[in-house]
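Residues 14 to 254 in our numbering are what the sequence shown lists, from first letter to last. The beta carbon of each residue, even a glycine, is placed where N, CA and C say it ideally should be. These figures come from a predicted structure and were not determined experimentally.
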Amino acid sequence: MKRPLWKSRTEAHHLFKTKLDPQLKYPLPENVKSHSIEVTRTARWFHIGESPKNSSEIIVILHGYGQHPSYMLNSLKSLEAPGRCICAPEGLSKFYIRGTNGRVGASWMTRDNRQQEITDQITYLTFWLKSLEIPKTTPVTLIGFSQGVATAARWGAHGAEIDTLIFASGQLPPEWVTSPPNFSDRLKEIHIICPKNDEYYTQYAFQVDVNLLNSHGLDINLHEPEGTHTLNAALLNEILK
């Protein structure tokens, strides 16, 4: 295990807040009142491999910022195995990746209306997983990639029925510094992946996350493969064995 970067929880909070400041960088007008309503909308999800109801293993992958789940799954075809269903729900915020036309990607949330966005994404993912109607005995692995790491972490910490949790190339939620995650007793393994040449998820951010989880007494498996900011299918296959 690497040397901790901090000597106290206060120092941890400072380091983590510096790296992951969740506040808006601009003030909203004080004289404009904000209101919220609940609406019903349609969300998409994609899968490769077996159908959920016929599978003996479920893999859920939460995409990164600006990704399209179908393209992501297409790049992970090597994860397919007999009895395995690989699913990817889509973030509810979609946008054109470049300009005002062309390829479309999705995002899980922004800093604006942050707490409500977090609540909505947990509600959405929980409802979606229940809709698959998979037996409770079916093993479920949750993988978060890039922006999807924080989403996977929050969902996992709010009672998601999962057996294995994999964080790949993304930072953990800043609120975990002061509010320890509360995982289901079903969770058996936590993995963190940080490619050696990842241009977004640095070695420093990786070490902060490792120390954060250690400070909460969580056992974790560390992986530092060669490569950049991508999902390493070969490594995932090793973990999933």
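Contiguous alpha helix (DSSP H) elements confined to the segment 50-91 occur at 82-87, taking only those with 4 or more residues. Residue state for Gly157 is assigned as strand, using DSSP reduced to three classes. Here Tyr109 carries a strand assignment [DSSP, helix/strand/coil]. Judged by DSSP secondary structure, Thr136 falls within the alpha helix (DSSP H) whose first and last residues are 127-144.
Scanning its chain for C-beta atoms nearer than 7 Å, with the 5 sequence neighbours on each side dropped, one finds around Tyr78 the residues Ser120, Ser159, Gln160, in chain order.
If you look at Ile206, you'll find it in the beta strand (DSSP E) that goes 202-206. Between the segment 53-61 and the segment 101-120, the count of Cβ pairs shorter than 8 Å is three or higher; the stretches touch. Among the bridge pairs identified by DSSP, Asn195 is matched with His171. The beta carbons of Gly157 and Leu75 sit about 5 Å from each other, so the pair counts as a contact at 8 Å.
Here the alpha carbon of Leu248 sits roughly 15 Å from the alpha carbon of Thr177.
Partner residues in the beta bridge of Gly118, as assigned by DSSP, are Phe108. In this structure, the beta-carbon distance from Glu212 to Ser197 does not fall below 9 Å. Per the DSSP secondary-structure output, Pro102 pairs in a beta bridge with Trp58. For the pair Thr113 and Glu251, the Cα-to-Cα distance works out to about 40 Å. DSSP places Ala181 inside the beta strand (DSSP E), whose first and last residues are 177-181. Beyond the five residues adjoining it in sequence on each side, Ala166 comes within less than 6 Å, by CB distance, of Leu185, Pro186 in the same chain, given in chain order. Secondary structure note for Asn234: its beta strand (DSSP E) is the uninterrupted segment 234-236.
Asp222 sits buried, since 16 or more C-beta atoms from the chains shown fall within 10 Å of its C-beta. Counting only the Cα atoms, Ser88 lies some 45 Å from Val45. Taking 9 Å as the cut-off, the Cβ atoms of Ile147 and Ala181 do not count as close.
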